[in-house]
Amino acid sequence: MIFPSEYVSLVSSKFAYLLSLPNDVCTLSTMEYGARYDGGILCKVPLRALKIYTRDITSGNAPSLHIDIWANSLGVHGQTGTPDASQDISFHQIGGDGETRKQ
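Every letter in the sequence shown is one number past the one before it in my numbering, and letter 6, counting from 1, is 6.
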């Protein structure tokens, strides 16, 4: 078994905004499982990666990305009022500046 029975996803503790979602959807793994999951966040719902590709942005001039989450099933129409979770995510780059044309 990879995950405890009620969990289906694991992400880095870097994404702490997931801990603010209602209904205890995600939990810090160290609270219950010690170092087994390397201090990551276990979630009861599937998670997907969002990859954003840019041009002419380097580690020196990149802004952070602000994430707001509304945990409801209303789609765009449910994105009113205060979000259930928010976080600013720092720029992440694979490879050094100028090493590849792919960013």
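Backbone N, C-alpha and C fix where the C-beta goes; we use that ideal spot for every residue, glycine too.
- Under the three-state reduction of DSSP output, residue 16 falls in the helix class.
- Residue 86 and residue 17 do touch by the CB rule: their CB atoms are close to 6 Å apart, below 8 Å.
- Annotation: residue 3 to residue 26 spans about 13 Å, alpha carbon to alpha carbon.
- Counting along the chain, residue 27 sits inside the beta strand (DSSP E) bounded by residues 26 to 28.
- Contact between residue 91 and residue 62 holds: their C-beta atoms lie close to 4 Å from each other, under 8 Å.
- The residues 78, in chain order, have a CB closer than 7 Å to that of residue 72 in the same chain once the five nearest residues on each side in sequence are set aside.
- Between residue 84 and residue 69, the C-beta spacing is below 9 Å.
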